[in-house]
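Peer 1:
Right, dumping it as structure tokens:
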């Protein structure tokens with residue numbers, strides 16, 4: 010125990026601004042007591058908010074003494090600068106059991122995705138079919154036939170009106186999920202399609218435009234209402250593995266030519282190359298935006314409210330996007346076959362005139378297969394062929410911890426909507442649930458009989474889904 014029973018401390022928000030005066034606090038003050046005190050200082054007693062607290066880049070999980078003073082992170086002689094951050098007010102409960110094993114696919118399931126409102130699930134796989142499942146009843150809703158080869162990617166428009174699928178046959182097919190009807194077949198890619206990205210809802214109320222990346226070295230942007238190509242971007246010199254459409258309107262593409270290219274989607278020259286990001290020494294396989302969570306769900310949040318009016322939905326989507334970037338401007342993270350990740354400077358850093366160099370994130374021993382930002386933008390999770398999941402600080406790219414438990418390659422990671430948990434799926438046939446606060450495995454979700462290629466968590470947090478080489482789709486609940 011520290012000799013002093015009290016220390017001087019002051020609260021600071023994420024922007025480094027002090028909240029209230031310096032206070033004398035007991036060294037054994039815990040997180041709950043700090044939250045009580047801060048809510049009182051900020052005038053939130055009526056409706057207290059949950060917060061996390063950090064001193065010297067270390068989170069207070071037990072007491073100030075145990076986490077900060079005893080490990081020698083901070084002298085008791087100096088004022089403690091306590092950084093606080095608001096947490097999600099709602100809590101997602103850990104998924105712990107399989108509520109349904111859904112059969113129907115006759116080959117491996119390669120992709121699963123929850124609709125923005127969370128009431129439907131789409132899956133695609135080796136049998137060339139796309140299936141839509143009703144999550145209220147956990148039964149088949151539609152069987153969508155049209156592809157001639159493996160379906161590798163399914164993506165819902167942020168308003169939930171369309172479902173896009175893409176695969177090895179080079180086709181992008183747009184479906185109407187409510188009726189199961191084929192809306193459009195978009196032909197143009199000469200090789201397989203690797204990824205899809207919809208234009209964010211706050212930029213386009215009708216969700217008219219969709220970007221697709223392909224092994225033919227191009228990225229194409231389609232108008233799904235006119236059912237035609239709008240423009241093509243062809244400056245990569247090798248297959249394009251990933252595409253993202255950011256909230257500021259820029260399109261990012263990652264390629265086996267080791268580069269990431271940034272394109273304009275609007276203005277006088279849509280499809281114009283804005284800049285190229287270089288640094289990776291091998292194929293760039295995966296991209297993530299800090300705003301992925303809100304862009305994917307548009308106007309839909311964890312409450313499940315449905316917006317009938319297009320303009321009202323667009324307004325709500327813009328509010329959600331602006332809230333997301335208020336403290337943490339939109340930024341990009343990339344993962345590569347060179348075992349590294351890069352955290353690229355955001356616009357604020359570039360404007361501030363700092364030498365905005367990307368942060369190189371090293372630690373994985375093999376290919377980085379998938380990267381994903383937590384919905385609150387604070388963390389990045391990465392999945393690798395080295396059997397580990399790693400957690401990083403999204404502000405500076407610093408390594409936080411390795412989550413070990415899988416005994417084979419990890420394919421994907423997905424966050425709970427409250428940013429407190431992660432699900433990972435692996436070649437070892439398991440899904441694992443990790444707790445971010447304790448940095449430990451909370452639960453293993455066994456049941457699949459073969460590799461689990463894909464996993465997703467519903468926007469409400471109530472259900473998760475996994476797709477496996479064993480041809481089954483499993484729904485998980487708490």
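Residue numbers (this note's numbering): 10 to 487.
We put the CB at the ideal spot given by N, CA and C, even for glycine.
All values derive from a computational prediction rather than experimental measurement.
Give the DSSP-derived three-state secondary structure of residue 160 in the structure shown.
Peer 2: DSSP places residue 160 in strand when its eight states are reduced to three.
Peer 1: Going by alpha carbons, who is nearest to residue 313 out of 124, 415, 104, 444?
Peer 2: Closest by alpha carbon: 124.
Peer 1: Near residue 460, which residues of its chain fall below 7 Å by C-beta distance, leaving aside the five closest residues on each side in sequence?
Peer 2: Excluding residues within five positions, the ones whose Cβ falls inside 7 Å are 436, 438, 477, 478.
Peer 1: Residue 275 to residue 132, Cα distance in whole Å?
Peer 2: In a straight line, the C-alpha of residue 275 is about 31 Å away from that of residue 132.
Peer 1: Ordered along the chain, which non-local residues of its own chain (more than five positions away) have a Cβ less than 8 Å from that of residue 241?
Peer 2: Taken in chain order, the residues that qualify are 197, 227, 228, 229, 230, 280.
Peer 1: Sorted by chain position, which residues of the same chain lie with C-beta nearer than 7 Å to residue 487's C-beta, five sequence neighbours on each side aside?
Peer 2: Around residue 487: 102, 103, 104, 105.
Peer 1: Starting from residue 40, trace the alpha helix (DSSP H) both ways and give me its first and last residue.
Peer 2: Counting along the chain, the alpha helix (DSSP H) containing residue 40 begins and ends at 40-50.
Peer 1: Report the rounded CA-to-CA distance for residue 235 versus residue 316, giving the unit in angstroms.
Peer 2: Between residue 235 and residue 316, the C-alpha separation is close to 24 Å.
Peer 1: Look up residue 324 in the DSSP assignment and say whether it is helix, strand or coil.
Peer 2: Residue state, collapsed to three classes: helix.
Peer 1: Just the C-alpha distance for residue 391 and residue 245, rounded to the nearest angstrom, thanks.
Peer 2: Taking the straight line joining both Cα atoms gives about 25 Å.
Peer 1: For the beta strand (DSSP E) holding residue 134, just list the boundary residues, first then last.
Peer 2: Its beta strand (DSSP E) spans residues 129-134.
Peer 1: What separation, rounded to the nearest whole angstrom, lies between the Cα atoms of residue 4 and residue 456?
Peer 2: The chain is shown only over 10 to 487; residue 4 falls outside these bounds and no answer can be derived.
Peer 1: Go to residue 302, then tell me how far its alpha helix (DSSP H) extends in each direction, as first and last residue.
Peer 2: Looking at the DSSP string, the run of the alpha helix (DSSP H) that includes residue 302 is 301-306.
Peer 1: What number of angstroms, rounded off, separates the C-alpha of residue 25 from the C-alpha of residue 92?
Peer 2: Computed Cα separation, rounded: 8 Å.
Peer 1: The ligand ZN and residue 284: does any heavy atom of the ligand fall closer than 7 Å to the residue's C-beta?
Peer 2: Here there are no bound small molecules, and the ligand ZN is not part of this structure.
Peer 1: Per DSSP, what are the beta-bridge partners of residue 21 in this structure?
Peer 2: DSSP, once it has assigned bridges, lists 27, 92 as partnering residue 21.
Peer 1: Would you report the Cα separation of residue 452 and residue 411, rounded to the nearest angstrom?
Peer 2: Answer to the nearest angstrom: the Cα atoms are 16 Å apart.
Peer 1: With DSSP collapsed to three states, give me the class of residue 10.
Peer 2: Reliability fails at residue 10, whose pLDDT of 42 lies under 50, so the model's placement of it is uncertain and the value that follows must be treated cautiously. Correct three-state label for residue 10: coil.
Peer 1: Give the secondary structure of residue 472 by DSSP, where H, G and I count as helix, E and B as strand, and everything else as coil.
Peer 2: Residue 472 falls in the coil class under three-state DSSP.
Peer 1: I'd like to know whether the C-beta atoms of residue 147 and residue 109 end up nearer to each other than 8 Å.
Peer 2: Contact flag set, yes.
Peer 1: Looking at the structure shown, is residue 339 part of a helix, part of a strand, or coil, going by DSSP?
Peer 2: If DSSP states are grouped into helix, strand and coil, residue 339 belongs with coil.
Peer 1: In this structure, does DSSP put residue 375 in helix, strand or coil?
Peer 2: Coil at residue 375, not helix or strand.
Peer 1: Under the rule that 16 or more other beta-carbon atoms within 10 Å means buried, what is residue 187, buried or exposed?
Peer 2: It counts as exposed.
Peer 1: What's the call for residue 211, buried or exposed, on a 16-neighbour Cβ count within 10 Å?
Peer 2: Classification of residue 211: buried, given that the 10 Å Cβ count is 16 or more.
Peer 1: Helix or strand or just coil, what does DSSP make of residue 419?
Peer 2: Residue state, collapsed to three classes: strand.
Peer 1: Beta-carbon within less than 6 Å of residue 406's beta-carbon, same chain only, minus the 5 sequence neighbours each way: which residues are those?
Peer 2: So the qualifying residues of the chain are 352, 368, 370.
Peer 1: Evaluate residue 41 with the Cβ neighbour count: other Cβ atoms within 10 Å of its Cβ, from every protein chain shown; 16 or more gives buried, anything less gives exposed.
Peer 2: Counting Cβ neighbours within 10 Å, residue 41 comes out exposed, since fewer than 16 surround it.
Peer 1: Are the Cβ atoms of residue 225 and residue 294 separated by less than 8 Å?
Peer 2: Against a cut-off of 8 Å, the Cβ pair of residue 294 and residue 225 comes out as no contact.
Peer 1: In three-state terms, what does DSSP make of residue 1?
Peer 2: Within the shown structure, residues of the chain are numbered from 10 to 487, placing residue 1 beyond reach of any answer.
Peer 1: Using CA atoms only, rank isn't needed, just tell me which of 322, 311, 446 is closest to residue 99.
Peer 2: Of the candidates 322, 311, 446, the one whose C-alpha sits nearest the C-alpha of residue 99 is 311.
Peer 1: Out of 173, 259, 192, 223, state which residue places its alpha-carbon closest to the alpha-carbon of residue 209.
Peer 2: Residue 209 has its Cα closest to that of 259, out of 173, 259, 192, 223.
Peer 1: Would you check if the distance between the CB atom of residue 88 and the CB atom of residue 18 is smaller than 8 Å?
Peer 2: Yes, they are a contact pair.
Peer 1: Would the beta-carbon of residue 252 fall within 8 Å of that of residue 268?
Peer 2: No. Outside cutoff.
Peer 1: For residue 460, which of helix, strand or coil comes out of DSSP?
Peer 2: If DSSP states are grouped into helix, strand and coil, residue 460 belongs with coil.
Peer 1: Taking all protein chains shown into account, decide if residue 382 is buried (16 or more other Cβ within 10 angstroms of its Cβ) or exposed.
Peer 2: Flag for residue 382 reads buried.
Peer 1: Using only the alpha-carbon positions, how far apart do residue 49 and residue 61 sit?
Peer 2: Rounded to whole angstroms, residue 49 to residue 61 spans 15 Å at the Cα level.
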